[in-house]
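One structure below.
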Amino acid sequence: MSDSLDAADRQRFAGSYAHRKSALSHLAYGVSSTPRATQNPVAIAVERGEGAHVVDVDGNRYIDYALGYGPLILGHTPPSVIAAIQDELGRGLRTASVHRGEAELAELIAACVPSAEQTSFVSTGTEAIQLALRVARAATGRVKIIKFRANYHGWADGIHVGNAIGQDGASALGQDPQAAQSVTLLDWGDAGQVEAVLDASFAAVIVEPAAINGGCFEPPAGFLERVRTATQRCGALLIFDEVITGFRLALGGAQERYGVTPDLSVLGKALGAGLPISAVSGSRAAMEILSSGRLMHRGTFNGNPLSVAAAIACLKVLQAERGEIYPRMEGFAAQLCGFLNDEAVRRGVPVRARQAGAAFQIFAANGPVETLRDTAKVDKDKTLVFTGALLRQGVMTLPRGLCYLSSAHSLADIEATEAAIAVAMETMAR
Ligand code: PLP
């Protein structure tokens, strides 16, 4: 919560301030995931969502580009997803049952995602990453993993390292410093480093194929292709972490967009349209250790029917409307980034935006940010000031400036967002 006692903010966000204060008494840190508390000037308490909009407890309405940190690719109230969940509820909760939906969903994923001949479900991206790493280690009989700096693969001890440029170690208090000893950190985008380091002692290379968490960077030409070739040469598995990019950069994710097929793909977020579900998918060969039942895959909530029903409905919409949905989301993202960058240059405000498909990153920086390494120049505090200024104008982004488009955003939303950006820029220029 911001310490500034701005009277207008106190009034505008009175309900969110009051909620934050009372939530702190029993809910640790007042939120269920630490970054949510960083929203400037206060963590907005959301009352309801509707299409591409959310309304807070004070009745303020926002055009939502946070989209639940990514999953809400069809917006907050997609009719067919909501109908599928309601229909599913009519059959009881059936948690931990074997049911027809899980096989149907695996078949649908196979039809959408190039690498996905076989799929196993879990509930969160963090869990799915853990499963993918275990599959890679079990399948190869090796332990070492290559990970890239500023790629994020969830918060488990064994991979939660090097999450930002300039921070190569463990990223969280309480992390077991031994747990990630088998991880070698390299620079994302530099295939030469992979070719130099990778040998037959590595189980896998894991990569965000587009570095969305680092600031929305698409892969440099040839990077993914060369990493693909290098892994094949050494018998290591290539794992694409498509928790964000899956079903977002294209129906078939980054692997469809960039034409490189990994051995294993980790899917999450948009898969469930807002309900918790994630998956590890891969070629029959890479998944054999799981599909044979030799590798123990456990979890009470894996493949839970409600999330599966939402995911089936979501993928059916994306599949049927892919020709309209993806170009529209990407076009809107391009329009907003173009507008923001033009306005910023015209007004001399050090704020910029970078796009990767249906996602874009807004940041304040003291100099050009052309590569992931340049993100060391991003001014996180000023970025929060700018996203706070947007919030006051009715535009909600992730606090750190990452934005997602959904199929529910309209041209009117985009134009209203442009107007909000112009006002937010004015406040930055003062
Ligand atoms: N991988 C990527 C690329 C992510 O962005 C995230 C979360 O943001 C995760 C993995 C972890 O997913 P979850 O938050 O569902 O555990």
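Numbering (this note's numbering), first residue to last: 28 to 457. We treat Cβ as the ideally placed atom computed from N, Cα and C, and that holds for glycine.
When you compare only the Cα positions, how much space is there between residue i and residue j?
i, j, result
"HIS180", "ILE233", "9 angstroms"
"ILE239", "LEU298", "17 angstroms"
"LEU160", "ALA231", "8 angstroms"
"SER310", "PRO246", "23 angstroms"
"GLY301", "GLU115", "15 angstroms"
"LEU322", "VAL396", "43 angstroms"
"GLY262", "SER228", "9 angstroms"
"ALA385", "ILE136", "20 angstroms"
"ASN190", "TRP215", "11 angstroms"
"ALA446", "ILE192", "33 angstroms"
"CYS364", "ARG118", "45 angstroms"
"MET452", "THR122", "49 angstroms"
"ASP268", "THR454", "38 angstroms"
"PHE175", "HIS103", "33 angstroms"
"LYS171", "VAL210", "6 angstroms"
"GLY280", "CYS341", "14 angstroms"
"GLY95", "ILE71", "13 angstroms"
"HIS46", "VAL81", "17 angstroms"
"ARG255", "ILE339", "30 angstroms"
"ASP408", "VAL450", "19 angstroms"
"ALA459", "GLY86", "The chain is shown only over 28 to 457; residue 459 falls outside these bounds and no answer can be derived."
"ARG75", "LEU101", "15 angstroms"
"ALA459", "SER433", "Here the chain has residues from 28 to 457 only, and residue 459 is not among them."
"ALA371", "ALA313", "47 angstroms"
"GLU357", "SER52", "42 angstroms"
"SER292", "SER142", "7 angstroms"
"ALA435", "ALA130", "28 angstroms"
"TYR133", "SER305", "Contrary to the premise, residue 133 reads as Ala rather than Tyr in this sequence. Their backbone Cα atoms lie some 11 angstroms apart in a straight line."
"ARG325", "LYS343", "27 angstroms"
"HIS244", "PHE387", "In the sequence as presented, His is not what sits at residue 244; that position holds Phe. Taking the straight line joining both Cα atoms gives about 9 angstroms."
"ALA218", "PHE390", "27 angstroms"
"GLN490", "ILE448", "In the structure displayed, the chain extends from 28 to 457; residue 490 sits before or after that span and is not available."
"THR258", "THR288", "12 angstroms"
Hey, quick one: how far does the alpha helix (DSSP H) through residue i stretch, first residue to last?
i, result
"LEU333", "332–347"
"HIS46", "41–50"
"LEU264", "First-last for LEU264: 264–269, but that is the beta strand (DSSP E), not the alpha helix (DSSP H)."
"LEU200", "Where LEU200 is concerned, there is no enclosing alpha helix (DSSP H), given that its DSSP letter is neither H nor E."
"ILE239", "239–242"
"MET314", "311–318"
"VAL221", "218–224"
With residue i as the anchor, note down where its beta strand (DSSP E) starts and where it stops.
i, result
"LYS174", "171–175"
"SER147", "145–149"
"ALA166", "Per DSSP, ALA166 belongs to no beta strand (DSSP E); it is in the alpha helix (DSSP H), 152–167."
"SER60", "First-last for SER60: undefined, no H or E at that position."
"LEU212", "210–213"
"ARG186", "Strictly speaking, residue 186 in this sequence is Ile, with Arg absent from that position. Element bounds for ILE186: n/a, residue is neither H nor E."
"VAL232", "229–234"
Around the C-beta of residue i, are 16 or more other C-beta atoms found within 10 angstroms, so that it is buried, or is it exposed?
i, result
"ARG419", "buried"
"SER49", "exposed"
"ASP30", "In this predicted model, ASP30 has a pLDDT of only 47, less than 50, meaning its place in the structure is not dependable; the value taken from the coordinates is given anyway. Per the 10 Å Cβ criterion, exposed."
"ASN331", "buried"
"THR444", "buried"
"GLY394", "exposed"
"PRO68", "buried"
"GLY168", "exposed"
"THR61", "exposed"
"LEU200", "exposed"
"THR327", "exposed"
"ALA248", "exposed"
"ARG374", "exposed"
"PRO354", "exposed"
"TYR56", "exposed"
"VAL405", "buried"
Flag residue i as yes when its Cβ comes closer than 8 angstroms to any non-hydrogen atom of the ligand ADP, and as no otherwise.
i, result
"SER59", "Inclusion of the ligand ADP in the displayed structure is not the case, the ligand content consisting of the ligand PLP alone."
(request) Please list the segments of the alpha helix (DSSP H) lying wholly inside the stretch 365–449, counting only runs of 4 or more residues, in order along the chain. (result) If only uninterrupted alpha helix (DSSP H) runs of at least 4 residues are considered, those enclosed by the stretch 365–449 are 407–419.
(message) Suppose only complete runs of 4+ residues qualify. What are the alpha helix (DSSP H) ranges in the stretch 71–146, listed by chain order?
(response) 106–116, 127–139
(request) Go through the stretch 259–308 residue by residue and report every complete run of the alpha helix (DSSP H) that reaches 4 residues or more, in order. (result) 280–285
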